[in-house]
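Below is one structure; the comments refer to it alone.
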Amino acid sequence: MFRSLLTRRTLLHLLQPKSSINRGYSKHDPNYLDLLKPKFPQYETVNFRITGYDYPVLESYQKFVHNTAEYMGFEVPDAWAVPPKKLKVQRYKPQSTVVDSEYHLSVYERIVQIDNLDAPLYPTFLRLIQAGLPEGVTLEVLEHTDDQDEIRFVPDSELLELKSQLEEMRKPKK
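Going left to right, the sequence shown walks through residues 0 to 173 as numbering that gives the first Met the number 0 numbers them.
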C-alpha cells in the first residue's frame with residue numbers, strides 16, 4: 000500500500016503542469032524590455048514605386064500615398080523622385096517602313112519609402128491606396144535595396160568627364 004501511494008504521488012507530481020519555470024536568462028532582464036517589442040510582425044523597409052506619364056497626376060497620387068501612410072501611423076522616412084525616362088515612339092504606315100508619326104514620351108517615377116510596416120495593417124493600406132489609383136498610373140511594392148538609392152541621383156556629366164580624363168592621364172604612354 001505504501002508503495003502504490005508513493006508511485007501515485009510521483010506520477011501526480013509529474014503530471015501537474017508547472018506554473019513557474021525557473022529560467023536563468025530572464026532572471027535579470029527588466030520587465031520593460033517586453034514592452035519595446037512590436038506586438039505584430041513588421042516589414043523592415045518597403046518601397047512603393049509609382050510610375051506614370053502625367054506629371055501632375057503622379058505628384059498628386061504620391062501625396063495621397065504619403066498622407067495615407069502617415070494617417071495610418073506608419074513611418075515615412077523618405078519619398079523621392081527619380082529622373083524621368085525619355086521614350087521615342089514611332090508609328091509606321093501599314094505594310095511599310097515609312098514613319099507615320101513620332102511621339103516623345105516621358106515616364107515619371109516617384110518612390111515612397113515606409114519603415115516598420117505592421118503586417119496586419121499592410122493589406123488594408125494596400126487596398127486603400129489601390130482604390131485611389133488613377134488611370135495611367137502604376138503601383139509596385141518592392142523590398143528596399145541599395146540599388147534604388149543609387150537610381151535617385153542624377154549623374155554629373157562634368158564630373159564623369161573629368162574622371163575619364165584622369166584615367167586617361169594615369170595610363171602609361173607607350
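Ideal Cβ positions, reconstructed from N, Cα and C, are used throughout, including at glycine.
Local conformation of residue i per DSSP, three classes
i	result
Y102	strand
Q189	This structure cannot speak to residue 189, because the chain is shown only from 0 to 173.
S18	Reliability of the predicted coordinates at S18 is poor, the pLDDT of 49 falling under 50, and the value obtained from them is presented with this limitation in mind. Looking at S18 - three-state DSSP - the assignment turns out to be coil, as it is neither helix nor strand.
L34	helix
P83	strand
P76	strand
L159	helix
D117	strand
G23	In this predicted model, G23 has a pLDDT of only 49, less than 50, meaning its place in the structure is not dependable enough to derive any value.
L132	coil
D28	coil
F63	helix
Identified DSSP bridge partners for residue i
i	result
T179	Nothing can be reported for residue 179: it is not among the residues displayed for the chain, which extend from 0 to 173.
Q112	N46 and D77
Q89	E101
E142	V45
Y107	G51
Residue i vs residue j beta-carbon contact at 8 Å
i	j	result
R109	Q61	yes
I128	V75	no
Q164	N115	no
F124	M71	yes
V111	V64	yes
Burial state of residue i, where buried means 16 or more other Cβ atoms lie within 10 Å
i	result
R107	The question names Arg, but residue 107 in the sequence shown is Tyr. Buried, by the Cβ-count rule.
G51	buried
V98	exposed
F39	exposed
Y121	buried
A130	exposed
V88	exposed
G68	Note on identity: in this sequence residue 68 is Ala, with Gly being the wrong assignment. So A68 ends up on the buried side.
Min CB distance residue i to chain D below 8 Å
i	result
E69	You won't find chain D in this structure, because it holds only one protein chain.
Any contact of the segment 125-136 with the segment 51-58, i.e. 3+ C-beta pairs under 8 Å? yes
With contact counted as at least three CB pairs below 8 Å, one residue from each stretch, are the segment 94-105 and the segment 35-51 in contact? no
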